[in-house]
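Numbering-wise, the sequence shown is residues 3 to 136 according to this note's numbering.
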Amino acid sequence: MSDNARTALVTGASGFIGSRLVPSLLEGGWDVRVLARDPGKLRVHAWHDAVDIVRGSADDDGALRRALDGVDVAYYLIHSMTGSFDYAQQDRDLADAFARVSGEAGVGRNIYLGCLYPADKRLSDHLQSRCEVG
């Protein structure tokens, strides 16, 4: 990590969008940090050794604080896909916690991946939960 670059946090870095965003940020001169529940899953990406990896989950305020410390911009690309409980409520809770902790950390900008959809279409429960928090 360089001494004068801006720092971006990417959550959801192992996902489709996050895994493509990280190299773009690196090419743009950003220092990149990622929050990962399982850092081993990131080894498949060429950029793995070029980022600062914080092990943790978005439902852990301590992990969020470590990940957000000194960050200029945070990308929130997390959406729940679990079927074991109400993932729509979990999406709302995680997004609220992330916003709260990033505010406490003084993050200058949060970028949230939400959704756009045609108003006349029925959405799946999963897509509806994305729209509720985005």
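For every residue, glycine included, the Cβ atom is placed at its ideal position computed from N, Cα and C.
- Annotated as proximal: ALA10 and VAL34, with beta-carbon spacing under 8 Å.
- Around ARG68, the same chain offers VAL56 as residues with beta carbons nearer than 6 Å, after the five sequence neighbours per side are excluded.
- Out of ALA65, LEU96 and LEU70, the CA that lies nearest to the CA of ILE80 is found in LEU96.
- The continuous beta strand (DSSP E) containing LEU37 extends over residues 33–38.
- Shown here, LEU11 sits in a strand according to DSSP, grouped into three states.
- GLN91 is classed as exposed because its beta carbon has fewer than 16 other beta carbons within 10 Å across all chains shown.
- Taking C-beta atoms under 8 Å as the contact rule, LEU37 and GLY58 qualify, at a distance of about 6 Å.
- The alpha-carbon separation between GLY108 and ASP122 amounts to approximately 39 Å.
- Taking ASP62 as reference, the option from SER104, GLY72 and SER26 with the minimal CA-CA separation is SER104.
- The segment 52–81 is shown to contain whole beta strand (DSSP E) runs of 3 or more residues at 54–57 and 75–78, in chain order.
- Secondary structure note for ARG124: it is in no alpha helix (DSSP H), with a DSSP letter that is neither H nor E.
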